[in-house]
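Read the structure below first, then the notes.
There are 2 protein chains.
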Amino acid sequence: MTKHSRQRDAVYQNLCMRTDHPTAEELYLSLKAEMPALSLATVYRNLAMLEGESKIIRIGSGGTARYDGNISPHYHLTCLECGGVHDIFMDDAGLCKAASEHFGGRILSHTVMFTGYCPHCSEKIG
Amino acid sequence: MTKHSRQRDAVYQNLCMRTDHPTAEELYLSLKAEMPALSLATVYRNLAMLEGESKIIRIGSGGTARYDGNISPHYHLTCLECGGVHDIFMDDAGLCKAASEHFGGRILSHTVMFTGYCPHCSEKIG
DNA sequence: ATAATAATGATAACAATTATCGATATTGTA
DNA sequence: TACAATATCGATAATTGTTATCATTATTAT
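If you read the protein sequences in the order shown, they are chains A and B.
Take 1 as the starting number for the first sequence in my numbering and just add one per residue.
Take 1 as the starting number for the second sequence in my numbering and just add one per residue.
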């Protein structure tokens, strides 16, 4: 039986409030302000729990994991200049369907990570 | 100046020979048979070097990194049943171009990871 | 052959994440 | 409301994947 917890609510709310795809530690530091007793392990625990319930998404961007409270289908771009992870909202152009046809099997979902420069950095660099 | 090394050749050859997208440790164990003195650190070092030269690809599939000696553009699928990472060769359907239009900025590349069941497991499960 | 130095093997260090455990908070039942 | 059962917590140890260090070895140009 899964019980309610203030900490889990806080993690979920904080994550949903922002669009910067924070790491577990960034979330922890942000929450620590209003919840001084919070433990990093609790953040990890609840992130895993929320991911299990499909309420959030984990972005396995290489080294350290980032999290996203927006579960509507969208893609991400890692900016080579500022290092940030930005959202790209667009149609999947039937990618899963096309892949199924090429590959066989059953394809349930997909994630796309783009690499390049975000609009801001792109302009800055010229 | 970068020198030639038997170990780097062995890593590269072994990786190119297979299609199972091994982890660094899997490569290490495989090579250890013919090269008993090999060190895991050497495998990591050379994988990083080869990736830097764009001769191989690192697949940041969540926790532990996997590597691919096939650098022709293609996608991957993680099978929920067997846990394997399989290749999917298909056209990118102008994904980068579409994303650029939606997002602005400059998009250089992208990676796609599908999740589902490979043909073999899909049939097995029914 | 020799000198210069890149690469190696062994292992320590590191960072991110997970497991452990006694204490605390939440929830269903009385 | 009180109580028992237990999920979750905070603190921290342990684990894991990866990188850094360093003395030794292999490769390359001369």
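Quick reminder that beta carbons are idealized off the backbone N, C-alpha and C, glycines included.
Exercise. DSSP three-state call for M113 (chain A): helix, strand or coil?
Worked result: In this structure, M113 (chain A) counts as strand in the three-state DSSP scheme.
Exercise. How big is the Cα-Cα spacing for L50 (chain B) and Y12 (chain B)?
Worked result: Taking the straight line joining both Cα atoms gives about 8 angstroms.
Problem set entry | Neighbour-count burial assignment, A99 (chain A), 16 or more Cβ in a 10 Å radius | Looking at its Cβ environment, which holds 16 or more other Cβ atoms inside 10 Å, A99 (chain A) is buried.
Problem set entry | Where V112 (chain A) meets chain B, residues with beta-carbon distance less than 9 angstroms | Counting only Cβ-Cβ distances below 9 angstroms, V112 (chain A) has contacts in chain B at L95, A99, H110, T111, V112, M113, in chain order.
For this session: Give the secondary structure of C79 (chain B) by DSSP, where H, G and I count as helix, E and B as strand, and everything else as coil.
Result: Strand, per DSSP.
For this session: Identify the contact partners of P119 (chain A) in chain B, using a Cβ-Cβ distance below 8 angstroms as the criterion.
Result: Within 8 angstroms Cβ-Cβ: F103, G104, G105.
For this session: Please report how far the alpha carbon of A10 (chain A) lies from the alpha carbon of L31 (chain A), in whole angstroms.
Result: The straight-line gap from Cα to Cα measures roughly 7 angstroms.
Exercise. Which residues, taken in chain order from the segment 52–77 of chain A, show a beta carbon closer than 9 angstroms to some beta carbon of chain B?
Worked result: Result list: R58, G60, S61, G62, G63, A65, Y75, L77.
Exercise. Closest to L108 (chain B) by CA distance: which of A:F114, A:A41, A:R106, A:S39 is it?
Worked result: It is A:F114.
For this session: Kindly examine the ligand NAP and report whether one of its heavy atoms sits closer than 7 angstroms to the Cβ of A65 (chain A).
Result: Looking for the ligand NAP in the displayed structure turns up nothing, as the structure carries no ligands at all.
For this session: Please state whether DSSP places H86 (chain A) in a helix, a strand or coil.
Result: H86 (chain A) carries a strand assignment under DSSP once its states are collapsed to helix, strand and coil.
Exercise. Checking contacts by CB at 8 angstroms: is M90 (chain B) closer than that to chain A?
Worked result: Yes, its Cβ sits closer than 8 angstroms to a Cβ of chain A.
For this session: Mark C82 (chain B) as exposed unless 16 or more other C-beta atoms lie within 10 angstroms of its C-beta, in which case mark it buried.
Result: By the neighbour-count rule (16 or more Cβ atoms within 10 Å), C82 (chain B) is not buried but exposed.
Problem set entry | Residue interval of the beta strand (DSSP E) (run including D68 (chain A)) | Run containing D68 (chain A): 66–68, per the beta strand (DSSP E) assignment.
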